[in-house]
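Read through the structure below, which is laid out as structure tokens, and then see the notes.
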Amino acid sequence: MKKQLTIIAIVAAAAALLPIIIGENPYITGIMISMLMMAALASAWNILGGFAGQYSFGHAAYFGAGAYTTMIVLSRLNPNPLFGIVAGIIVACIIALVTGSIVFRLRGHYFGLASIAVAEIVRLSTLNFEFTGGAQGILLSDVSLWGIDLNSKNPFYYGMLLLLVVTLSITVWLGKSKTGYYLQAIREDQDAAASLGINLAFYKKKALLISAALTSVAGSLYAVYIRFIDTSAVLDLRLSIEIILTAIIGGVGTLWGPVIGALLLVPLAEVLRSNVLGDLLVKLGLVSETSGIGIFLKENLAHAHVLAYGIITVLCILYLPKGILGLFRRVK
Amino acid sequence: MLFLQSLLSGILTGGVYALAGIGMSLVFGVMNISNFAHGDLMMLGMYLAYFAFTLLKIDPYLALLLIMPITFLFGFMLEKVFINRVINHPHQNQILLTIGLGLIMSNTALLAFTSDPKILTTTYSSSAFNSASGISVSVPLLLSFLITCAITAILYLFLSRTRTGMALRATSQNREAAQLMGINVAKMSAIAFGIGTALAATAGALIAPTYYIHPLAGHSFLLKAFTICVLGGLGSVVGAGVGGVIIGVVESMASTYISSDWKDVVVFMLFLAVLLFRPQGLFGKKGGQ
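Each protein sequence line maps, in turn, to chains A and B. Under my numbering, the first residue of the first sequence carries the number 249, and numbering increases by one thereafter. Under my numbering, the first residue of the second sequence carries the number 27, and numbering increases by one thereafter.
Here is the structure:
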């Protein structure tokens, strides 16, 4: 445990120095913030999915709960972002408690299906209510905290880094705690765990609450960082799937798997989204910019990152079901 | 009058939902897999009907005779190439694999057909029978419902009377025992997935004349199909049929008496309520717990 915490501290210290080394580069910092956010989200998901073996397909609900609550609190009640974050955690935990109470009595396919249904109810309600801004979303013009310049990206880099460190530390602590052992027992064999007197629903709910709270903090930070949210950005099923995919590619149930997944997937999505690939093909002279294929690539490749996610998911499940870290373990 | 009108249109729409639900339930029963690509297979059916109509000038209902065998083969191949490799995996891997396949299908459609919604307008798309009492029945919805009934009846006869149908049901009841009795369960899985795909695509083709055709159209139907399956009891074909009609009526009532913005929320609430109070569904065997 001490060794793992030391590694986390060293990695975090190295990551904390990165912005100083890179200097003022909003584009690179933006991508790094996305990486840290995805790593934190996948690690938070991993607490439930990895330890307890309960795959949530609706974590966007908790992310969106954090983002929306923060934006509403900031724009209507209190301009201090910290209040927004705390309020977001409370709302996310309420949603998690309701979800957990309904579905953790059931097994197998039901939790996955119900988690999607809850997330869709949250998404559609947010879309239909007026106080959430409906389809237009919420725009925040100005925000400040203790005189820190929140127009710069660096505070959010450190905010996401702190969240990731907290999430990883909780994962380490859980791994050595009674709760962690109970959760792993539940993952391996629910009946055996129940026969040993483990309260299945209670511990699953506990894992879901921790996971949901951490996810909502990521949502709050994202909302204050981007200052504009709508349902398609923070509550979409696509986000839930990206979170799972990140964890799976790295390795579910491992400490560093979700982080590795984020380090791989976020730059990949960025490359596809910003059309680096299309430009490269043109520059190499493989495709003419004015030809039909060139125009097609220019117009469409930016949308192809979801297609790439689909292909990666299929390949990963078929050939790498234990993720990249699972691959190394097999070699040993 | 309003009540009767929404009841009637709910039953008619529900029939088509039932078709999608039955396809999913069959796959679940035989293979024990939640197929998250089901909605995207419906989308495939919508586009096939659209292109059969615009390019080949075939009426969308006649085009079913083409769409069903094509999509059956497509589903059969999908199972042979991808799905059967995860049949003994943990169920979350199966879910993720089908999500991945669904993403590939919907985003390929997005690249190929762009995100502009397409509309399939037949000569009878907006025509309706009007009764003296003021109730009107949309012609395409009524036709879809009748076709659904016919297909369901044929499927029922197939499952209860033919050797393959009985083998499918045996596999659904107990995979190991069926295998011991000499049933080729791998082949049954591929057939079940093929039929499930064909039913999803048929449902898609049947609603194509009354809905917007869009690459992401399948997503809202995916959850509806799940709700239908859970309501009817996962794996129960009869239950899925009844569940489909119930969901259609609930949705129609919700849009009449609450608002059409909230109809999906009501359907998903019903889904959670079923999980809470009757997780085995209306016709399912116990074992959800």
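Virtual Cβ for every residue (Gly too), placed ideally from N, Cα, C.
Residue i versus the options, residue with shortest Cα-Cα distance
{"i": "Gly501/A", "options": "Gln302/A, Pro267/A, Glu272/A, Leu265/A", "result": "Gln302/A"}
{"i": "Ser60/B", "options": "Met192/B, Leu127/B, Ile239/B, Tyr238/B", "result": "Leu127/B"}
{"i": "Ala510/A", "options": "Gln252/A, Val414/A, Ile497/A, Leu520/A", "result": "Ile497/A"}
{"i": "Glu592/A", "options": "Phe299/A, Phe352/A, Met283/A", "result": "The structure shown has nothing for residue 592/A, since chain A only spans 249 to 580."}
{"i": "Lys452/A", "options": "Ala263/A, Gln432/A, Ser468/A", "result": "Gln432/A"}
{"i": "Leu457/A", "options": "Val259/A, Gly336/A, Met285/A", "result": "Gly336/A"}
{"i": "Gly271/A", "options": "Ile343/A, Ile338/A, Lys401/A, Thr317/A", "result": "Lys401/A"}
{"i": "Gly312/A", "options": "Leu487/A, Val507/A, Phe404/A, Pro506/A", "result": "Leu487/A"}
{"i": "Met295/B", "options": "Met103/B, Val256/B, Val264/B, Met27/B", "result": "Val256/B"}
{"i": "Leu302/B", "options": "Asp390/A, Ser349/A, Thr561/A, Pro506/A", "result": "Ser349/A"}
{"i": "Leu308/B", "options": "Ser285/B, Met192/B, Gly267/B", "result": "Gly267/B"}
{"i": "Lys106/B", "options": "Arg201/B, Phe219/B, Tyr76/B, Ser141/B", "result": "Phe219/B"}
{"i": "His115/B", "options": "Leu181/B, Asn58/B, Ser152/B, Phe252/B", "result": "Asn58/B"}
{"i": "Tyr87/B", "options": "Thr236/B, Ala138/B, Leu185/B", "result": "Thr236/B"}
Nearest-angstrom Cα separation, counted from residue j out to residue i
{"i": "Gln315/B", "j": "Gly297/A", "result": "Confidence is the limiting factor: at Gln315/B the pLDDT is only 34, short of 50, which leaves the residue's position unreliable and the question unanswerable from this model."}
{"i": "Ile572/A", "j": "Gln118/B", "result": "18 Å"}
{"i": "Leu45/B", "j": "Leu90/B", "result": "13 Å"}
{"i": "Ala288/A", "j": "Leu81/B", "result": "49 Å"}
{"i": "Ala460/A", "j": "Ala203/B", "result": "42 Å"}
{"i": "Thr178/B", "j": "Pro569/A", "result": "38 Å"}
{"i": "Leu422/A", "j": "Tyr429/A", "result": "8 Å"}
{"i": "Thr494/A", "j": "Ile256/A", "result": "19 Å"}
{"i": "Gln438/A", "j": "Trp504/A", "result": "26 Å"}
{"i": "Gly467/A", "j": "Met319/A", "result": "10 Å"}
{"i": "Gly269/B", "j": "Gly47/B", "result": "8 Å"}
{"i": "Ile78/B", "j": "Thr39/B", "result": "For the sequence presented, residue 78/B should be read as Ala rather than Ile. Rounded to whole angstroms, Ala78/B to Thr39/B spans 23 Å at the Cα level."}
{"i": "Gly49/B", "j": "Ile269/A", "result": "57 Å"}
{"i": "Gln319/B", "j": "Ala176/B", "result": "Look at the range of chain B in this structure, 27 to 315, and you will see that residue 319/B is not part of it."}
{"i": "Leu412/A", "j": "Asn133/B", "result": "31 Å"}
{"i": "Ile130/B", "j": "Asp484/A", "result": "17 Å"}
{"i": "Asn110/B", "j": "Ser443/A", "result": "34 Å"}
{"i": "Gly314/A", "j": "Ser285/B", "result": "27 Å"}
Cutoff 7 Å: residue i Cβ touching any chain B Cβ
{"i": "Tyr567/A", "result": "no"}
{"i": "Ile255/A", "result": "no"}
{"i": "Glu368/A", "result": "yes"}
{"i": "Asn447/A", "result": "no"}
{"i": "Ala517/A", "result": "no"}
{"i": "Lys376/A", "result": "The identity of residue 376/A in the sequence shown is Asn, whereas the question assumes Lys. Answer yes: the Cβ-Cβ gap between Asn376/A and chain B drops below 7 Å somewhere."}
{"i": "Thr494/A", "result": "no"}
Spatial neighbours of residue i in its chain, beta-carbon cut-off 6 Å, leaving aside the 5 residues before and after
{"i": "Ser35/B", "result": "Ser278"}
{"i": "Ile332/B", "result": "Look at the range of chain B in this structure, 27 to 315, and you will see that residue 332/B is not part of it."}
{"i": "Phe316/B", "result": "Any property of residue 316/B remains undetermined from this structure, which presents chain B solely from 27 to 315."}
{"i": "Tyr310/A", "result": "Ala340, Ala460, Thr463, Ser464"}
{"i": "Gly97/B", "result": "The amino acid occupying residue 97/B in the given sequence is Thr; Gly does not appear at that position. Cβ within range, chain order: Thr223, Ala224, Ala227."}
Cut-off 7 Å between Cβ atoms - residues of its own chain near residue i, not counting five sequence neighbours on either side
{"i": "Ser304/A", "result": "Trp293, Leu296, Gly297, Ser363"}
{"i": "Phe108/B", "result": "Leu123, Leu127"}
{"i": "His553/A", "result": "Ala517, Leu520, Arg521"}
{"i": "Phe331/A", "result": "Val321"}
Neighbour flag for residue i against chain A, beta carbons, 7 Å
{"i": "Asp85/B", "result": "no"}
{"i": "Arg111/B", "result": "yes"}
{"i": "Ile121/B", "result": "yes"}
{"i": "Gln306/B", "result": "no"}
{"i": "Gln118/B", "result": "yes"}
{"i": "Phe294/B", "result": "yes"}
{"i": "Asp287/B", "result": "yes"}
{"i": "Phe303/B", "result": "no"}
{"i": "Gly126/B", "result": "yes"}
{"i": "Ser60/B", "result": "yes"}
{"i": "Ile272/B", "result": "no"}
{"i": "Asp66/B", "result": "no"}
{"i": "Asp290/B", "result": "yes"}
{"i": "Phe357/B", "result": "Since the first and last residues shown for chain B are 27 and 315, residue 357/B lies out of range."}
Cutoff 8 Å; reference residue i; Cβ partners in own chain excluding five residues on either side
{"i": "Tyr567/A", "result": "none"}
{"i": "Leu136/B", "result": "Pro241, Leu242"}
{"i": "Asp478/A", "result": "Gly381, Ala383, Gln384, Gly385, Ile386"}
{"i": "Met94/B", "result": "Ala224, Ala227, Thr228"}
{"i": "Leu33/B", "result": "Val275, Ser278, Met279"}
{"i": "Leu532/A", "result": "none"}
{"i": "Val391/A", "result": "Leu322, Pro327, Pro329, Leu398, Val472, Arg475"}
Heavy atom of the ligand COA within 6 Å of residue i beta-carbon
{"i": "Ser262/B", "result": "The model on display carries no ligand, and the ligand COA is accordingly not part of it."}
**Message:** For a minimum of 4 consecutive residues, which ranges assigned as the alpha helix (DSSP H) are wholly contained in the region 308-337 of chain A?
**Reply:** 308-320
**Asked** Where are the alpha helix (DSSP H) runs, 4 residues long or more, that stay fully inside the region 178-241 of chain B, in chain order?
**Response** 189-199, 201-206, 211-233
**Request:** Kindly provide the ranges of any alpha helix (DSSP H) runs that are 4 or more residues long and lie completely inside the region 400-436 of chain A, ordered along the chain.
**Result:** 402-424, 426-436
**Request:** Ignoring anything shorter than 3 residues or poking outside the region 142-169 of chain B, list the beta strand (DSSP E) runs there in chain order.
**Result:** 154-156, 162-164
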